[in-house]
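Take a look at the structure below.
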Amino acid sequence: MSSALDQRSAPPAGAARPAAPRRRTRLLALPEARWALASLVLFLLALPVYLLDGPAWLWGTLFATTYITGGWEPGWEGLKALKDKTLDVDLLMVVAALGAASIGQVLDGALLIVIFATSGALEAVATARTADSVRGLLDLAPTTATRLLPDGTEESVDAQSLAIGDTVLVRPGERVGADGQVVDGTSDVDQATITGEPLPVAKRAGDEVFAGTVNGTGALRVRVERDPSDSVIARIVKMVEEASETKAPTQLFIEKIEQRYSIGMVIATLAVFGIPLAFGDALQSALLRAMTFMIVASPCAVVLSTMPPLLSAIANAGRRGVLAKSAVVMERLGQIDLVALDKTGTLTEGTPHVTDIRPLPDAGLDEDGLLTLAAAAEHSSEHPLARAVVDAARQRGLHLPEAADFSSTPGEGVTATVEGRTVQVGSPSRLLTATSSHDKVVAEMEDVGRTAVAVLRDGTVVGVLGVADRLRPDAAATVAALTRLTGRTPVLLTGDNERAARHLAAQVGITDVRARLLPQDKVAAVKEWEAEGRRVLVVGDGVNDAPALAAAHSGIAMGKAGSDLALETADAIVVRDELATIPSIVQLSRTARRLVIQNLAIAGTFITVLVAWDLIGNLPLPLGVAGHEGSTVIVGLNGLRLLREAAWPRLTKDTA
Numbered sequence: 005m006s007s008a009l010d011q012r013s014a015p016p017a018g019a020a021r022p023a024a025p026r027r028r029t030r031l032l033a034l035p036e037a038r039w040a041l042a043s044l045v046l047f048l049l050a051l052p053v054y055l056l057d058g059p060a061w062l063w064g065t066l067f068a069t070t071y072i073t074g075g076w077e078p079g080w081e082g083l084k085a086l087k088d089k090t091l092d093v094d095l096l097m098v099v100a101a102l103g104a105a106s107i108g109q110v111l112d113g114a115l116l117i118v119i120f121a122t123s124g125a126l127e128a129v130a131t132a133r134t135a136d137s138v139r140g141l142l143d144l145a146p147t148t149a150t151r152l153l154p155d156g157t158e159e160s161v162d163a164q165s166l167a168i169g170d171t172v173l174v175r176p177g178e179r180v181g182a183d184g185q186v187v188d189g190t191s192d193v194d195q196a197t198i199t200g201e202p203l204p205v206a207k208r209a210g211d212e213v214f215a216g217t218v219n220g221t222g223a224l225r226v227r228v229e230r231d232p233s234d235s236v237i238a239r240i241v242k243m244v245e246e247a248s249e250t251k252a253p254t255q256l257f258i259e260k261i262e263q264r265y266s267i268g269m270v271i272a273t274l275a276v277f278g279i280p281l282a283f284g285d286a287l288q289s290a291l292l293r294a295m296t297f298m299i300v301a302s303p304c305a306v307v308l309s310t311m312p313p314l315l316s317a318i319a320n321a322g323r324r325g326v327l328a329k330s331a332v333v334m335e336r337l338g339q340i341d342l343v344a345l346d347k348t349g350t351l352t353e354g355t356p357h358v359t360d361i362r363p364l365p366d367a368g369l370d371e372d373g374l375l376t377l378a379a380a381a382e383h384s385s386e387h388p389l390a391r392a393v394v395d396a397a398r399q400r401g402l403h404l405p406e407a408a409d410f411s412s413t414p415g416e417g418v419t420a421t422v423e424g425r426t427v428q429v430g431s432p433s434r435l436l437t438a439t440s441s442h443d444k445v446v447a448e449m450e451d452v453g454r455t456a457v458a459v460l461r462d463g464t465v466v467g468v469l470g471v472a473d474r475l476r477p478d479a480a481a482t483v484a485a486l487t488r489l490t491g492r493t494p495v496l497l498t499g500d501n502e503r504a505a506r507h508l509a510a511q512v513g514i515t516d517v518r519a520r521l522l523p524q525d526k527v528a529a530v531k532e533w534e535a536e537g538r539r540v541l542v543v544g545d546g547v548n549d550a551p552a553l554a555a556a557h558s559g560i561a562m563g564k565a566g567s568d569l570a571l572e573t574a575d576a577i578v579v580r581d582e583l584a585t586i587p588s589i590v591q592l593s594r595t596a597r598r599l600v601i602q603n604l605a606i607a608g609t610f611i612t613v614l615v616a617w618d619l620i621g622n623l624p625l626p627l628g629v630a631g632h633e634g635s636t637v638i639v640g641l642n643g644l645r646l647l648r649e650a651a652w653p654r655l656t657k658d659t660a
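Residue numbers (the numbering used here): 5 to 660.
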């Protein structure tokens with residue numbers, strides 16, 4: 005937001021904001037999703053038949069097809085990994101499920117299969133959605149551009165064929181075809197997708213414009229300064245793709261130890277079977293002991309130690325309007341120790357509002373009179389500042405007189421005849437002289453981050469309006485809560501100007517402000533903190549925030565006005581735009597992580613005791629199964645505690 009943003013009309017209806025088409029992969033187009041859905045449906049069909057002692061052939065067939073549909077793909081992947089001399093948890097889970105079925109525990113094995121199939125499907129969906137949004141971002145840049153030839157004629161060309169030095173014509177309502185410099189013309193350009201600025205910015209000869217931004221009412225001639233493949237919008241795509249590929253491995257805690265555990269369990273099971281057999285034990289006895297060992301040592305309880313707390317936390321957060329995309333996301337949110345916040349649309353509502361109404365003493369107008377005059381002149385304009393003025397008048401219930409002879413000058417303001425008087429509304433720097441008595445009022449507004457809008461009647465200044473993006477009501481409390489949680493005040497990352505950014509930061513208690521940042525600058529800041537060992541949470545809403553959301557340890561997007569790319573790139577989405585839920589979900593994640601550790605301790609204790617009993621004494625198979633299933637039930641119920649209403653954190657000053 006410029007300190008003297010101009011009053012300009014928006015592009016014509018139907019041309020101002022051409023929408024990029026949505027290109028989303030259908031959910032069931034993914035094989036992982038189809039197999040997981042089939043497995044889940046078959047399991048749900050088999051469950052009541054099994055629990056109600058229905059025909060064994062029926063529930064047996066349904067469970068068998070559950071094993072096949074949900075287990076063949078992870079089993080196949082596990083076999084391929086085994087071929088590469090790697091033993092992963094997928095194959096181990098399939099073996100454990102089959103082992104459970106072989107001793108009659110078909111329900112437990114089927115549940116394990118469904119959990120793993122669903123987890124794989126969710127990961128595939130998240131990957132596909134991110135790829136869709138990156139492809140959709142390319143639609144922001146126009147496919148064609150109007151190139152001006154040396155003889156002054158025009159030709160329509162593929163935007164990708166533009167070369168440095170070409171001059172293109174950008175008509176009102178069109179998207180700019182390439183990064184370049186304005187050589188002729190004056191207009192306002194909506195560049196929120198690149199910089200995040202809440203209002204269009206006046207552009208004239210010598211100013212820089214970016215591909216994909218939307219031109220206003222004036223025509224611009226732009227000299228191409230960058231190859232289309234190196235435009236800012238193209239670099240955003242590249243940064244998101246690179247960050248998504250290089251982001252820290254998305255693994256749950258248990259998956260980090262799966263290789264050693266899997267190898268150790270297989271070796272131990274073979275030893276339990278082979279050693280007694282070698283010393284003369286009977287085959288049936290050795291096999292029974294080995295089978296009991298495999299059951300009591302299987303990681304079912306360990307896996308369920310992790311998933312129920314995280315899935316319960318996801319469900320609880322979802323009821324509060326926060327969508328965490330996976331269990332991995334829920335685990336990672338609790339690890340953050342630094343928060344970086346976007347300004348426009350995140351800490352603020354993203355739309356301008358009239359904050360000050362200052363009639364001059366000798367104008368003969370009160371606040372309502374000044375606002376009525378300005379709103380009547382602005383009524384025909386679709387510019388965001390004009391909408392803010394008209395909305396303010398409507399909120400006060402003011403009657404607006406008819407305006408005639410309306411005209412709008414890009415970069416300057418509007419002019420109209422109201423009740424026989426000529427009224428001008430627009431930028432003080434363009435409409436007023438440098439020695440006017442209103443200078444102090446304009447300076448006061450600009451010093452506190454307001455956009456000053458001058459109102460003239462018959463060429464005489466009658467007042468000044470102040471317009472600003474409104475802070476979200478819970479912004480200050482959210483910043484304070486995040487500070488307590490992480491031990492460090494959040495950082496403000498914004499493409500807006502520094503004066504407006506610092507004024508807003510002071511209102512919410514932020515001291516570290518990084519302003520006028522392009523998307524690559526935000527990524528650089530995140531990488532700098534990550535290099536220092538920080539785990540950064542980025543909160544944003546725009547296309548310009550997407551690379552930082554992808555590069556950060558965790559990313560949260562504001563849902564109501566968030567761009568498609570930001571929503572798909574982020575790990576979690578605040579659906580209702582309630583900032584206060586961000587520290588709550590961080591705290592909920594930490595609680596879930598503590599429950600995971602508790603569950604792992606419980607599962608580990610059960611496994612240790614049962615394994616020792618089986619190796620040292622003679623653990624009966626039914627007792628081993630009961631102990632194994634008992635530990636599974638305990639850790640499952642412990643994790644489900646996070647489904648309770650009371651589990652949602654209500655942060656206080658003592659929250660840490």
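All C-beta atoms in this analysis are idealised placements derived from N, C-alpha and C, irrespective of residue type, glycine included.
As the structure is a computational prediction, the values presented were derived from the model and not from experiment.
Taking the alpha-carbon of residue i as reference, which of the options has the nearest alpha-carbon?
i, options, result
"L364", "L469, S433, E159, A286", "L469"
"R461", "D372, T421, E448, R488", "T421"
"D409", "G424, D581, A319, D395", "G424"
"G430", "Q164, L374, A390", "A390"
"S233", "V187, G181, T221, Q185", "G181"
"H357", "E212, A396, G322", "A396"
"P477", "W652, T350, G631, D366", "T350"
"T487", "S43, Q591, A379", "Q591"
"L173", "P204, V205, V213", "V213"
Can you name, in chain order, every residue of its own chain whose Cβ lies under 7 Å from the Cβ of residue i, other than the five neighbours on each side?
i, result
"I601", "none"
"S160", "T148, T150"
"L641", "none"
"W533", "L342, V540"
Quick check: what's the CA-CA separation for residue i versus residue j?
i, j, result
"A167", "D183", "11 Å"
"H507", "T359", "14 Å"
"L342", "T148", "42 Å"
"V613", "D112", "21 Å"
"Q288", "T609", "28 Å"
"K84", "R38", "21 Å"
"L604", "L46", "30 Å"
"R434", "E416", "6 Å"
"S412", "A519", "31 Å"
"L475", "S309", "41 Å"
"V615", "M298", "9 Å"
"A528", "V639", "42 Å"
"G563", "G401", "32 Å"
"A561", "Q339", "18 Å"
"R225", "Q195", "17 Å"
"V495", "V483", "10 Å"
Going along the chain, which residues of its own chain have a beta-carbon closer than 6 Å to the beta-carbon of residue i, five neighbours each way excluded?
i, result
"T439", "Since pLDDT at T439 reaches only 48, below the 50 mark, its modelled position is unreliable, and the value read off the structure follows with that caveat. Cβ within range, chain order: n/a, list empty."
"Q255", "With a pLDDT of only 48 at Q255, under 50, the local geometry of the prediction cannot be trusted, and the value read off the model is given with reservation. For Q255, where only same-chain residues beyond five positions count, there are no Cβ hits under 6 Å."
"K526", "L497, A552"
"A114", "F47, F67, T70"
"S316", "G643, L644, L646, L647"
"R371", "This sequence places Glu at residue 371; Arg is not what is there. Answer for E371: I361, listed in chain order."
Can you name the residues that DSSP bridges to residue i?
i, result
"N219", "V193"
"R227", "T171, Q185"
"R425", "V422"
"R461", "V427, T464"
"A328", "A576"
"S160", "T150"
"S309", "S309 pairs with nothing; no bridge assigned."
"V213", "G184"
"D516", "V495"
"A294", "According to DSSP, which records beta bridges pairwise, A294 is partnered with nothing at all."
Short of 8 Å in beta carbon distance, which residues of its chain neighbour residue i, apart from the five on each side in sequence? Order them along the chain.
i, result
"E77", "P35, E36, W39, A121, G124"
"A650", "none"
"T515", "T493, A509"
"D618", "V276, R293, T296, F297, V300, G628"
Going by the C-beta, is residue i closer than 7 Å to any heavy atom of the ligand MG?
i, result
"P204", "Ligands are entirely absent from the displayed structure, and the ligand MG is therefore not among its contents."
- Only counting runs of 4 or more residues, tell me where the alpha helix (DSSP H) segments fall wholly within the region 334 to 407, in order along the chain. 371 to 382, 388 to 399
- Unbroken alpha helix (DSSP H) runs of length 4 or more, entirely within the region 464 to 497: which are they? 479 to 490
- Message: As an exercise, report each continuous beta strand (DSSP E) stretch of at least 3 residues that is fully enclosed by the region 537 to 624, in chain order.
- Response: 540 to 544, 558 to 562, 576 to 578
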